[in-house]
């Protein structure tokens, strides 16, 4: 559910901050935790503790995201 997500959203070449409105029900997990668990089981450990860490690594790998942080996109997002 979109209301349970915390992280960023990219649409029309714009990166925007997304904040969780409600906690996931029951034993549901965040997307980032599911992906990290799958990668660990497949032998490629992704040990992120937050979506912000994923954004940081994305910036180190993709020049369009370089320097983009949560604080930088807090109010109006960022054009790529």
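Residue numbers (my numbering): 928 to 1007.
Every residue, glycine too, gets a C-beta built ideally from N, C-alpha and C.
Since this is a predicted model, take the numbers as computed values, not measurements.
{"Asked": "Whole-angstrom C-beta distance between residue 934 and residue 959, which should lie under 8 Å", "Found": "7 Å"}
{"Asked": "Which of helix, strand or coil DSSP assigns to residue 982", "Found": "helix"}
{"Asked": "Cβ-based neighbour list, residue 957, same chain, cut-off 6 Å, excluding 5 preceding and 5 following", "Found": "none"}
{"Asked": "Cβ neighbours of residue 941 in the same chain (closer than 8 Å, five flanking residues each side left out)", "Found": "1004, 1005, 1006 and 1007"}
{"Asked": "Residues near residue 932 in its chain [Cβ-Cβ closer than 7 Å; skip 5 each side]", "Found": "945, 947 and 958"}
{"Asked": "Selected residue, minimal CA-CA separation from residue 962, among 1000, 983 and 972", "Found": "972"}
{"Asked": "Straight-line gap, residue 1000 to residue 953 (C-alpha atoms, nearest Å)", "Found": "31 Å"}
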